[in-house]
Amino acid sequence: MTVRIGVTVFCALGTLALSAAAGAQPLKKPPYWASIAKSAAVMRVGPAKRFPANWVYLRRDLPVRVVETYPDWRKVQDSDGTTGWFHVRLLKDDPTGIVKGGPAEMHDKPTASSRLLYRLAPGVVGKLSGCASGWCAFNTNGKAGYVLATSLWGAVD
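Here the sequence shown stands for residues 52 to 208, numbered as in our numbering.
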């Protein structure tokens, strides 16, 4: 009786662990947006640890575009166009964006005539909480406002 309960508990815990790992990055149909979940993430040339690393990303929350899936691996493209493979545990579904091109203006409302709050330098990363009518709600280190979607990579397709 004790052995049967132990085996049942062990199997249940194993199933939970596997579903938690899979839940880190649910299977969606590419292309879709994701972001880097860890402060250090190794990008590989192929979808397994046996493949060599081609980059190490040292910046959490960078947006990436998932372009292909392979069981526990996602082929991604970064804002510079670099492609490679990340294990699903290195990615999350939280929407983020990075300022591209020149400086971007952050306004207090989603209109160009609203009050200018900040000028954001290229490379600034922040969390997105929705985009509509060409503007995205953007929060970077507690500074929140609206930025033109065309100024952000990771905001729109």
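We put the CB at the ideal spot given by N, CA and C, even for glycine.
Distance between residue j and residue i (C-alpha atoms, nearest Å)
| i | j | result |
| --- | --- | --- |
| S202 | F137 | 26 Å |
| Y197 | P154 | 14 Å |
| A172 | K79 | 32 Å |
| A99 | R140 | 13 Å |
| M94 | S165 | 40 Å |
Limits of the unbroken beta strand (DSSP E) element including residue i
| i | result |
| --- | --- |
| L171 | 167-171 |
| N105 | 104-108 |
| T134 | 134-138 |
| L199 | 194-199 |
| G148 | 147-150 |
| G153 | G153 -> no beta strand (DSSP E), and no H or E assigned at all. |
For residue i, the residue or residues it bridges with in DSSP
| i | result |
| --- | --- |
| P114 | S86 |
| A183 | W186 |
| A92 | Y108 |
DSSP three-state assignment for residue i, whether helix, strand or coil
| i | result |
| --- | --- |
| L141 | helix |
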